[in-house]
Amino acid sequence: MRLTRQLLVLTRRGVLTPGRPDRAMRQVASILAWGSGIAGEIRQAAARSPDAIAVVDEERGEMTYAALLASSERAAHVLLTLGLTPGDRVGLLCRNHLGLVELLGGASTAGIDVVLLNTGLAAGQVADVAGREGISVVVHDEEFHGLTRDLSVPRLSHQDFLGRMEAVLEPDAATGRLHPPPRVGRVVVLTSGTTGPPKGARRPHPRSLAGLASVLERIPMRPGETVLLSAPVFHTWGFGALQLALAMRDTVVLQRRFDPPVALAALAEHRCQVLFAVPVMLQRLLGHVGDVGRDAPGDAAPFLRIAAVSGSSLPPGLAPRFMAAFGPVLYNLYGSTEVSWAAIADPDDLLAAPSCSGRPPHGTRIAIVGDDGSEVPGGQVGRVFVGNEMLFSGYTDGEGRERWRGLLDTGDLGHLEDGRLHLDGREDDLVVSGGENVYPAELEAGIGGLPGVLDVAVFGLADDEFGQRLVACVVPHPGVSLAPGHVVEQVRPLVSRQALPREVRIVDELPRNVTGKVLVDELRKQFLAD
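Sequence positions in the sequence shown follow our numbering and run 53 to 582.
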């Protein structure tokens with residue numbers, strides 16, 4: 053994105069609006085000195101709006117940006133007294149709370165790398181990741197004490213860490229960290245795929261404000277708003293949402309667990325204008341608003357302007373149902389740990405094409421590449437490649453992803469239509485049935501739009517006659533009775549002949565990971581075991 057356009061977007065969104073000259077100068081100085089990482093974002097916000105509320109924690113209450121800066125300095129001191137030095141790695145096994153933000157700020161201040169550990173990992177997986185990623189110390193919430201039992205490195209509960217922070221009276225003098233560290237602390241996020249062990253992906257350090265401007269051009273956040281951050285911060289989307297909110301000097305409301313009634317109450321109590329979540333969370337919210345909004349969209353959360361989701365595909369039919377209850381506030385960001393963002397769908401996109409992934413923001417390029425290595429015409433399915441300034445620098449095991457003319461392979465199949473990206477499934481999800489290529493997404497979209505269907509997942513199984521056959525697992529709305537044969541007949545006119553399911557199974561729910569992705573391997577095992 054050209055500099056002029058960046059400045060126009062940032063000015064329009066209120067990031068660069070005039071303010072007190074002394075504070076504005078300190079804000080700019082903080083950005084120039086510390087960059088766009090967590091430490092720089094906290095500092096620029098504290099310089100510009102020191103008394104603004106930075107975080108609302110359900111247990112510790114409110115904290116201003118000035119206080120958050122001071123506590124981040126204390127966290128940096130504690131990390132350094134643990135023997136960590138710039139370039140070392142600390143593993144954080146925490147839910148969404150103020151302490152996690154303080155730890156992220158402290159590590160960034162000290163130039164220490166952070167590995168964000170998925171709270172859904174098993175104890176053996178935590179130990180494997182810690183060894184593979186070269187973690188020197190793990191800080192964990194009390195509830196995850198058992199998950200750290202197999203670690204061969206020092207571990208520290210968050211409560212113990214907080215106690216050590218409280219003993220630091222003068223963090224600036226103690227740390228000597230009034231200046232940027234000799235190296236920028238990096239963040240390693242674990243991939244959230246549904247197969248195989250999680251991989252560590254090195255997140256790039258933003259080189260400019262271009263990334264912020266690109267996202268804000270499509271998702272119109274404003275400074276000083278209140279944000280309910282429900283997406284887990286250990287995931288790319290939650291971490292990115294935290295960075296966006298800090299950059300905008302917003303108030304971030306954090307809750308350790310996502311509970312639909314509690315989240316709806318928080319949206320009302322704090323008059324939240326922005327919600328960051330994963331799609332399955334919106335689906336669960338809808339189950340607790342009843343018929344609210346059918347005649348008056350927006351009554352379910354009257355202050356909400358933006359409900360931004362990412363992390364997994366939108367379940368079929370979710371976009372129109374959500375906006376019927378909450379109004380035209382839904383934004384869907386398609387991206388990954390490896391490419392950051394690729395496309396963003398705004399409410400107009402989702403009303404026109406509810407299953408689309410949106411359009412690439414400025415500064416991002418998408419190419420649909422065929423088997424012969426050339427771009428395919430619009431409407432044709434191919435491999436999705438993405439280019440922007442936030443492409444990851446590789447997995448921590450030294451492996452990378454295929455590139456095409458500077459763009460990175462996402463592992464997804466898709467097509468472009470009317471300038472919008474539509475996903476047709478993962479490359480490794482392609483089903484070849486009776487010699488025909490079948491994309492599960494086509495059938496999922498067809499079944500997902502049927503009356504009474506709440507959720508659906510489609511996958512392939514080995515078949516002696518056809519090579520593979522399509523199987524659909526369907527979740528009905530509560531109180532609705534669906535018959536497999538009826539589902540097949542209803543979807544028949546909506547999909548191609550080869551996309552019709554050979555089997556339909558009615559299930560109570562689909563197994564999903566913490567970011568909402570369907571665990572297809574687990575679903576397949578359950579299907580075969582029955």
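Beta carbons are placed, not taken as given, at the ideal position from N, Cα and C, and that holds for glycine.
Residue i: CB within 7 Å of a non-hydrogen atom of the ligand ZN
i	result
residue 320	No copy of the ligand ZN appears in this structure; indeed no ligand is present at all.
Helix, strand or coil at residue i [DSSP, three-state]
i	result
residue 513	strand
residue 105	strand
residue 543	helix
residue 355	coil
residue 207	strand
residue 444	coil
residue 94	helix
residue 149	coil
residue 535	coil
residue 174	coil
residue 392	strand
residue 332	helix
residue 309	coil
residue 271	coil
residue 278	strand
residue 373	helix
residue 453	coil
Rounded Cβ spacing between residue i and residue j (contact assumed at less than 8 Å)
i	j	result
residue 521	residue 485	6 Å
residue 504	residue 492	In fact, because the Cβ distance is near 20 Å, the residues do not count as touching under 8 Å.
residue 325	residue 315	The Cβ separation is near 15 Å, so there is no contact.
residue 460	residue 446	Not a contact, Cβ separation roughly 10 Å.
residue 109	residue 146	With a Cβ gap of about 12 Å, residue 109 and residue 146 do not count as contacting.
residue 172	residue 289	Not really, about 15 Å apart at Cβ, beyond 8 Å.
residue 632	residue 378	The first residue shown for the chain is 53 and the last is 582, placing residue 632 beyond what the model contains.
residue 393	residue 406	With 8 Å as the limit, residue 393 and residue 406 do not qualify as a contact, their Cβ atoms being about 20 Å apart.
residue 327	residue 65	With a Cβ gap of about 18 Å, residue 327 and residue 65 do not count as contacting.
residue 381	residue 399	7 Å
residue 282	residue 329	4 Å
Opening and closing residue of the alpha helix (DSSP H) in which residue i lies
i	result
residue 312	312-321
residue 399	399-404
residue 213	210-218
residue 231	Element bounds for residue 231: n/a, residue is neither H nor E.
residue 133	117-133
residue 463	Per DSSP, residue 463 belongs to no alpha helix (DSSP H); it is in the beta strand (DSSP E), 459-469.
residue 494	492-500
residue 139	Run containing residue 139: none; DSSP gives neither H nor E here.
residue 551	Taken as a continuous stretch (DSSP letters only), residue 551 belongs to no alpha helix (DSSP H), as it is neither H nor E.
residue 480	First-last for residue 480: undefined, no H or E at that position.
Identity of the residue in the options nearest residue i by Cα
i	options	result
residue 187	131, 377 and 96	131
residue 142	240, 509 and 439	240
residue 494	135, 338, 262 and 553	553
residue 91	295, 504, 427 and 469	295
residue 525	514, 556 and 60	556
residue 435	446, 464 and 459	464
residue 339	415, 397 and 530	530
residue 250	359, 102, 184 and 128	184
residue 425	431, 437 and 474	437
residue 114	133, 128 and 151	151
residue 148	550, 112, 572 and 471	112
residue 387	410, 206 and 537	410
residue 481	466, 201, 358 and 134	466
residue 231	82, 454, 578 and 408	82
residue 202	312, 180, 78 and 558	180
Residue i: first and last residue of the uninterrupted beta strand (DSSP E) it sits in
i	result
residue 287	That residue, residue 287, is in no beta strand (DSSP E); it is neither H nor E in DSSP.
residue 520	519-528
residue 573	Premise fails: residue 573 lies in the alpha helix (DSSP H), 572-581, not in any beta strand (DSSP E).
residue 558	555-558
residue 484	483-485
residue 437	434-439
residue 80	Not the beta strand (DSSP E): residue 80 falls in the alpha helix (DSSP H), residues 73-86.
residue 242	239-242
Cβ neighbours of residue i in the same chain (closer than 7 Å, five flanking residues each side left out)
i	result
residue 545	none
residue 562	507, 509, 525, 527, 570 and 575
residue 156	90 and 166
residue 266	53, 413, 414, 415 and 416
Residues near residue i by beta carbon distance below 8 Å, same chain, minus five either side
i	result
residue 323	278 and 355
residue 468	418, 420, 430, 431 and 474
residue 209	191, 192, 193, 194 and 197
Below-8 Å beta-carbon distance, residue i vs any chain B residue
i	result
residue 470	Included in the structure is just one protein chain, with no chain B present.
Close-in-space but distant-in-sequence residues of the same chain around residue i (CB under 6 Å, 5 per side omitted)
i	result
residue 140	164 and 188
residue 199	175 and 178
residue 123	154
residue 302	277 and 279
residue 513	521 and 523
residue 103	116
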